[in-house]
Each structure stands twice: as structure tokens, then as C-alpha cells.
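Engineer:
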Amino acid sequence: MAKYLVIIDKNKCINCGSCAMNAPEVFTLSPNGHSTIRKEYRQNPQNELEGVIPEELLEKVKIAANNCMGSAITIKKIV
Ligand code: SF4
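Letter by letter, the sequence shown follows residues 248 to 326 in this note's numbering.
(1) Can you give, in chain order, each stretch of the beta strand (DSSP E) that sits fully within the segment 267-307 and has at least 3 residues?
(2) Where do the N-terminal and C-terminal ends of the beta strand (DSSP E) with lysine 250 fall, by residue?
(3) Would you please state the rounded distance, in angstroms, between the beta carbons of valine 273 and valine 308? I believe it to be under 8 Å.
(4) Using the Cβ count rule (16 or more neighbours within 10 Å means buried), how would you classify serine 277?
(5) Would you kindly check if the distance between the Cβ of leucine 296 and the Cβ of isoleucine 284 is under 8 Å?
(6) Report buried or exposed for serine 282, applying the criterion of at least 16 other Cβ atoms within 10 angstroms of its Cβ.
(7) Just to confirm before moving on: does the CB-CB distance between glycine 317 and lysine 250 stay below 8 Å?
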């Protein structure tokens, strides 16, 4: 099964919350309001802006990325 790297560009994020609504399994908002990757999908627990997701979550994350008004979410196939 392929895996995918998901990166949030904090500088582009406008804190709209759309990603956390479209793919709540992967995205959640920090107390400061910007989008973060949930801990279970982070590669480095300290880096809340990068994660690796399994293929079964790809469609939801794509929807989140396509609806991100800041174009802040990047998805790359890694396996
Ligand atoms: S949808 Fe985009 S702009 Fe909105 S909170 Fe998520 S990453 Fe930020």
C-alpha cells in the first residue's frame, strides 16, 4: 500500500478550519488556530506540520487540500 507525505505550509494557512472538517482523522487545529497534523500521523512528534498517511485516507486528504483556501496543503506519494 502506498503512503503519502502531507505537508502544511504554516505561512499560507489562513486558519479557516476547512481541512479539519474535511479530513478530521488527519488534521486538527492548534490552540493558535492554525492547522496541524494529528500526532498519530506525524513522522516527528515535534513537527506538527508534516505527516505520513495511508492510502485509505488519501481521498479525504485530497478533498481537504482541494478545498484549502490558502493552498497550504501539499501531498506527495512516498512509497
Ligand atoms: S484548510 Fe488550509 S487554510 Fe484552512 S486551516 Fe486547513 S491548511 Fe489552513
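C-beta: ideal position from N, C-alpha, C; glycine also.
Structural biologist: Well, looking at it:
(1) As far as the segment 267-307 is concerned, its whole beta strand (DSSP E) runs of at least 3 residues are 274-276, 282-284 and 297-301.
(2) Taken as a continuous stretch (DSSP letters only), the beta strand (DSSP E) holding lysine 250 covers 250-255.
(3) Between valine 308 and valine 273 the Cβ distance is about 6 Å, and since that is below 8 Å, they are a contact.
(4) Residue environment for serine 277: exposed (fewer than 16 other C-beta atoms within 10 angstroms of its C-beta).
(5) For the pair isoleucine 284 and leucine 296, the CB atoms are nearer than the 8 Å cut-off.
(6) Counting Cβ neighbours within 10 Å, serine 282 comes out buried, since at least 16 surround it.
(7) Contact flag unset, no.
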